[in-house]
Amino acid sequence: MSSRKRRGRGEERSGLRMACCTDLCNASACGKLEDVLNLLRAGAEVNGLNEFRRTPLQVAMLGNTELVQALLAAGADPNARDQILNLTVTHDAAREGFVETVRVLINHGADVNLADEIGNLPLHLAAREGHLEVVRMLLDLTEDPWRTNREGHTALWLARDFNRVETADFIEQYLGLEAIAAWVVHTLREVLDESDALSDADLLLFSQLSGQSSLAGCWVVDRH
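Residue numbers for the sequence shown follow the UniProt record's numbering, so the first one is 1 and each next one is one higher.
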């Protein structure tokens, strides 16, 4: 067989794989479970990339837990990263509040301790949006619930800042009573970074009254 014929057949197979991947991505994005199953049975590459460099799982209709389950069972990588924002599918599902989908992802090896481009864990996004049931699940699995993103914000801070009262209250209860004072001290730090209106003595007095003098003491040392 000539090299030209071999090259032609190789290009044909490559084109077929791309077409199958595109079809699988389209079916996944539209939530068409039967089409997804048929394409997988026909040999479509479950971790293949479409023209936008995204896998079928990354474009899946995440509210369709059965579809997500089918892709994962076929070997879809739950920790594949978005090439722009570094998000995983777990970030997306947590942000949208799809608790059962988050559960399925975790059961198939999703790592909830992977951070996106700005340092957010799935916990940060679920807390920011006030998805309490997702937060309940993620708190038990997140290695450091106090972890800050690159803006210096914890999941608790985001829940408070976005007025997700029920979610913030639950996180505080989960982390312990010190969470309340720690969050207020964190907020004061931001204020004092922009203004010296509050003195070190003011901060220490507040912290002593709240039972968190050690936190303020550390901050005063850092400040100077």
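Just so you know, even glycine gets a beta-carbon here, dropped at the ideal spot from N, CA and C.
What separation, rounded to the nearest whole angstrom, lies between the Cα atoms of residue i and residue j?
i           : j           : result
residue 61  : residue 30  : 6 Å
residue 111 : residue 94  : 12 Å
residue 144 : residue 170 : 16 Å
residue 174 : residue 47  : 37 Å
residue 77  : residue 89  : 9 Å
residue 27  : residue 83  : 21 Å
residue 115 : residue 81  : 10 Å
residue 44  : residue 69  : 16 Å
residue 150 : residue 42  : 44 Å
residue 222 : residue 64  : Low local confidence applies: a pLDDT of 45 at residue 222 is under 50, so the model's placement there is unreliable, and no value is given.
residue 92  : residue 176 : 28 Å
residue 162 : residue 153 : 12 Å
residue 134 : residue 155 : 12 Å
residue 66  : residue 75  : 14 Å
residue 11  : residue 126 : In this predicted model, residue 11 has a pLDDT of only 48, less than 50, meaning its place in the structure is not dependable; the value taken from the coordinates is given anyway. The straight-line gap from Cα to Cα measures roughly 44 Å.
residue 37  : residue 146 : 41 Å
residue 158 : residue 117 : 17 Å
residue 137 : residue 113 : 13 Å
residue 108 : residue 101 : 11 Å
residue 165 : residue 123 : 16 Å
Taking all protein chains shown into account, decide if residue i is buried (16 or more other Cβ within 10 angstroms of its Cβ) or exposed.
i           : result
residue 97  : buried
residue 59  : buried
residue 129 : buried
residue 99  : buried
residue 53  : exposed
residue 85  : exposed
residue 73  : exposed
residue 120 : buried
residue 50  : buried
residue 224 : At residue 224 the pLDDT is 47, less than 50, meaning the model places this residue with poor confidence and gives no usable figure here.
- Item | Entirely enclosed alpha helix (DSSP H) segments - the segment 112-174, minimum 4 residues | 122-129, 132-141, 155-161
- Query: Of all the alpha helix (DSSP H) runs that stay within the bounds of the segment 39-101, which reach a length of 4 or more residues?
  - Reply: 65-73, 89-96
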